[in-house]
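**Q** Line order of the protein sequences matches chains A and B.
Position 34 of the first sequence, counted from 1, bears residue number 34 in our numbering, the numbering being contiguous throughout.
Position 128 of the second sequence, counted from 1, bears residue number 214 in our numbering, the numbering being contiguous throughout.
C-beta atoms are modelled at their ideal positions from N, C-alpha and C, and glycine is treated no differently.
These figures come from a predicted structure and were not determined experimentally.
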Amino acid sequence: MRTVIAWLAALLAVVGSGIQVVQQTHDVRRLHGQLQDAQRMQDAELAKHSRLLIERAALAAYQNVERTAQTELAMRFPLTVERIER
Amino acid sequence: MKLWRHFCIVVVFLGACGGLAARVVYLTVTEREFLQEQGDARSIRTEVMPAYRGVVYDRFGEALAVSTPVVGIWTDPSMGGLDRPAIDSLADVLDLDADRLAADLQRNAAREFLYLKRRVPWDLAQRVRQLDLPGIYYQSEYRRYYPASETAAHVVGVTGIDDEGLEGIELSFEKILQGRPGRKTVLKDLYGDTVKDLEFTAAPEYGRDLTLSIDLRLQFLAYRELKAAVESHRATSGSLVMLDVHTGELLALVNQPSYNPNELGYSSAPGMRNRAVTDTYEPGSTIKPFTVLAALESGRFRRDSAIETAPGYFRVRNKLIEDPINRGTISLETVLTKSSQVGIAKVALAIDERAVYDVLTRVGISDFLATGLPGEVAGTLTDAGLDNPVMRATLAYGYGLAVTPLQLAQAYLCLATGGVRLPVSILKQDGPVVGERKFDEALIRTLLEMMEGVTAPAGTAPKAHIEGYRVAGKTGTVRKVGESGYDDERHIAWFAGIAPVSAPRIVAVVLINEPLGHARGGGEVAAPVFSRVVGRTLRLLGEMPDERRPI
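1) Return helix, strand or coil for TYR399 (chain B), following the three-state DSSP convention.
2) Can ARG618 (chain B) and GLU236 (chain B) be called in contact, C-beta distance under 8 Å?
3) Using a Cβ-Cβ distance under 8 Å, would ARG303 (chain B) count as near chain A?
4) Less than 8 Å between the beta carbons of ARG386 (chain B) and ALA436 (chain B), yes or no?
5) Whole angstroms are fine: how far does the CA of PRO475 (chain B) sit from the CA of SER371 (chain B)?
6) Quick one, which of B:ARG109, B:ASP174, B:ASN194 and B:PRO163 has its alpha-carbon nearest ALA127 (chain B)'s?
7) Give the residues of chain A in contact with THR623 (chain B), contact being defined as C-beta atoms less than 9 Å apart.
8) What does DSSP give as the partner residue(s) for ASP209 (chain B) in the beta ladder?
9) In the DSSP output, which residue or residues are listed as bridge partners for SER153 (chain B)?
10) Ordered along the chain, which non-local residues of its own chain (more than five positions away) have a Cβ less than 8 Å from that of SER588 (chain B)?
11) Would you please verify whether the beta carbon of GLU148 (chain B) is less than 8 Å from any beta carbon of chain A?
12) Give a single yes or no on whether PHE77 (chain A) has its beta carbon closer than 7 Å to a heavy atom of the ligand ADP.
13) Less than 8 Å between the beta carbons of LEU467 (chain B) and VAL442 (chain B), yes or no?
14) In the DSSP assignment, find the beta strand (DSSP E) that holds ARG576 (chain B) and state where it starts and stops.
15) State buried or exposed for CYS500 (chain B), treating a residue as buried only when at least 16 other CB atoms are found within 10 Å of its CB.
16) Just confirm the distance between the C-beta atoms of ARG213 (chain B) and ARG229 (chain B), as a whole number of angstroms; I'd bet it's less than 8 Å.
17) Give a yes or no on contact between the segment 527-544 of chain B and the segment 364-380 of chain B, applying the rule of three or more CB pairs nearer than 8 Å.
18) Would you say THR251 (chain B) and TYR292 (chain B) are within 8 Å of each other, going by their C-beta atoms?
19) If we cut at 8 Å on Cβ distances, does LYS282 (chain B) have a partner in chain A?
20) Secondary structure at SER17 (chain A), three-state DSSP: helix, strand or coil?
21) Can you pull the chain B residues whose beta carbon is under 8 Å from the beta carbon of ARG29 (chain A), in chain order?
22) From LYS88 (chain B) to VAL98 (chain B), what does the alpha carbon distance come to, in whole angstroms?
23) Take the Cβ of HIS551 (chain B) as the centre, count every other Cβ of all protein chains shown within 10 Å, and call the residue buried at 16 or more, exposed below.
24) Could you give the uninterrupted runs of the alpha helix (DSSP H) lying entirely in the segment 236-303 of chain B, keeping only those of 4 residues or more?
25) Cβ closer than 7 Å: which chain A residues qualify as neighbours of VAL648 (chain B)?
26) Give the straight-line distance between the Cα atoms of ALA314 (chain B) and GLY334 (chain B), rounded to the nearest whole angstrom.
27) Can you find a C-beta in chain A that's less than 8 Å from the C-beta of THR333 (chain B)?
28) Nearest CA to the CA of ASP438 (chain B): which residue from B:LEU339, B:ALA380, B:GLY609 and B:THR490?
29) Consider the Cβ of PHE616 (chain B): report whether some Cβ of chain A lies at a distance smaller than 8 Å.
30) Does DSSP classify SER417 (chain B) as helix, strand or coil?
31) Expressed to the nearest angstrom, what Euclidean distance is found between the alpha-carbon atoms of GLY268 (chain B) and ALA289 (chain B)?
32) With a threshold of 8 Å, are at least 3 pairs of Cβ atoms found where one atom belongs to the segment 120-137 of chain B and the other to the segment 271-282 of chain B?
33) Quick check on DSSP: helix, strand or coil for GLU645 (chain B)?
34) Answer yes if the segment 563-582 of chain B comes into contact with the segment 593-605 of chain B, meaning at least three C-beta pairs across the two stretches below 8 Å, and no otherwise.
35) Relative to chain A, which residues along the segment 198-230 of chain B have a C-beta separation below 9 Å, given in chain order?
36) Got a sec, what are the start and stop residues for the beta strand (DSSP E) MET328 (chain B) sits in?
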């Protein structure tokens with residue numbers, strides 16, 4: 001009788017650990033998927049950041065700023081220097 | 087059921103089982119290595135996780151070099167997974183020649199790795215992904231963009247296809263910027279998706295950002311003005327270096343010709359040389375302030391000491407030293423403001439043999455400055471032959487030595503600081519910079535006031551004058567060495583200046599190499615560039631005007 005119980009316990013333990021292994025493997029795959037998603041997101045955000053940096057530099061290039069100031073806004077560099085105190 | 091049929095089925099079944107078992111034993115024992123290899127080749131991959139290269143910023147955080155993620159697309163030709171329609175659609179999206187791609191795949195059929203195209207923009211790679219082709223793999227890479235393009239090309243430099251620094255800051259600060267790519271071994275499924283990380287060999291270490299001392303506004307201004315001057319004088323090249331007197335930081339460094347680092351085919355392009363640090367030139371009359379400084383230090387000369395320059399020439403041994411006109415008896419100050427060769431040579435011969443050489447050594451005019459810009463060279467200055475009066479006379483007006491524009495700027499920086507030598511730096515300095523005093527402050531002040539006369543209406547460079555500000559400076563017009571001695575046709579036009587004189591903030595050196603056309607002198611060619619660039623710079627930096635206007 002005791003032998004039978006011991007066998008049954010061992011069998012249960014084997015089946016239980018087997019299920020555990022399956023569960024763990026599944027979790028690893030799921031978490032790996034999440035990690036990959038996070039990495040992809042990081043890549044995408046980095047890409048966005050660098051693209052925005054480049055875009056800003058392109059739009060706010062001093063050539064453009066100067067041209068806009070002179071042609072569209074009719075600004076000019078003052079010929080004389082004045083000290084204004086407030 | 088007949089017994090023999092039952093028996094037959096059992097035998098066949100057992101036979102099949104035995105056959106299978108034998109096959110399994112055969113495969114695992116004798117073919118194991120080959121099969122394992124083939125299995126791994128189809129499912130296990132070592133992936134490189136590229137490290138993001140650091141961004142290079144100017145002193146106010148404007149991006150000068152930015153890496154943006156792109157994709158390297160590759161395949162394993164040994165798997166033979168790409169059929170003709172797949173090749174056609176791939177070639178179409180990636181803008182490749184389909185026939186050539188098919189031939190490439192054929193030729194490399196034995197290999198396990200072949201790039202289809204590198205540095206594919208993110209959105210384009212996305213379109214390839216949507217084609218859903220088997221056996222296509224994606225590797226993230228970074229491409230470097232240079233928003234300031236030609237304007238800052240010589241300072242920032244450029245990287246190669248594997249993201250390694252080839253020129254400029256990109257090369258010299260490679261270790262800081264680069265970071266280390268990571269590596270991991272992954273398990274892939276049938277569709278090429280990663281299902282499991284097997285082993286992390288190394289985590290990626292991202293490169294660190296770098297903030298330069300360059301002010302992009304001033305860099306742009308300097309580039310535009312220098313380019314215009316080089317074009318209008320049909321010169322072969324030009325350089326402009328601008329330093330901050332408070333910190334010794336490089337605010338602008340430009341050269342002509344330049345190049346666009348964004349359009350480089352990863353080979354050398356004309357105009358890649360950073361002439362301001364790699365090329366040495368004879369400084370000519372821009373050395374005269376240092377000769378005058380040696381004279382003042384000797385105690386034998388004062389600002390108003392009379393020097394006889396009549397009849398406009400004199401002979402030192404077999405060397406004839408000439409002024410364009412006979413200026414008669416003039417003061418030491420006028421020797422400087424009129425740039426008299428005869429006057430300065432006489433002054434140099436009247437003081438100690440090593441005095442001028444000693445002053446030049448103390449300002450470190452030919453020293454290697456170690457700013458970190460690649461290709462930087464030391465100048466040439468020797469004390470050999472100083473016992474020969476001809477050598478001393480020519481050294482007094484800047485022949486017989488060679489310096490880079492950066493070295494000359496560094497020497498003038500020592501005057502602008504009131505006699506303190508500061509280290510020149512290309513990186514933004516956070517704390518106060520400590521220098522070493524080399525000259526007496528009162529003497530330097532006198533010298534700067536004398537140099538102010540150069541930009542006065544009666545000086546050699548009235549065009550260096552800046553409205554509202556006092557400017558001290560010196561012109562130089564140097565004949566270049568040709569095949570048979572000094573060439574009368576090819577010149578170098580220099581202007582080195584300091585402003586505002588009452589509280590110096592900016593030192594700038596302008597060099598125009600071989601200007602053609604009517605105007606060739608430093609006062610005509612280089613001085614106006616100085617005036618325009620430094621004039622705007624002072625206003626952009628909010629420097630107080632200090633000109634004493636006549637009432």
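**A** Taking the coordinates as given:
1) strand
2) no
3) yes
4) yes
5) 18 Å
6) B:PRO163
7) Those within 9 Å of THR623 (chain B) in chain A number zero; the least Cβ separation is about 12 Å.
8) For ASP209 (chain B), which the question treats as bridged, DSSP gives no partner whatsoever.
9) B:ARG230
10) ARG556 and ASP632
11) yes
12) Summarising the ligand content, the structure contains no ligands, and the ligand ADP is consequently not present.
13) no
14) 571-585
15) buried
16) Actually they are not in contact, since the Cβ atoms of ARG213 (chain B) and ARG229 (chain B) sit about 18 Å apart, beyond 8 Å.
17) yes
18) The residue asked about is misnamed: residue 251 (chain B) is Gly in this sequence, not Thr. Their beta carbons are not under 8 Å apart, which means GLY251 (chain B) does not touch TYR292 (chain B) by this criterion.
19) yes
20) helix
21) VAL281 and LYS282
22) 16 Å
23) buried
24) 239-242, 254-258 and 260-264
25) The structure shown does not extend to residue 648 (chain B), since chain B is modelled only from 87 through 637, so no value can be given for it.
26) 27 Å
27) no
28) B:ALA380
29) no
30) strand
31) 4 Å
32) yes
33) Because chain B in this structure spans residues 87 to 637, residue 645 (chain B) falls outside the shown range and cannot be described.
34) yes
35) TRP208, SER226 and TYR228
36) 323-330
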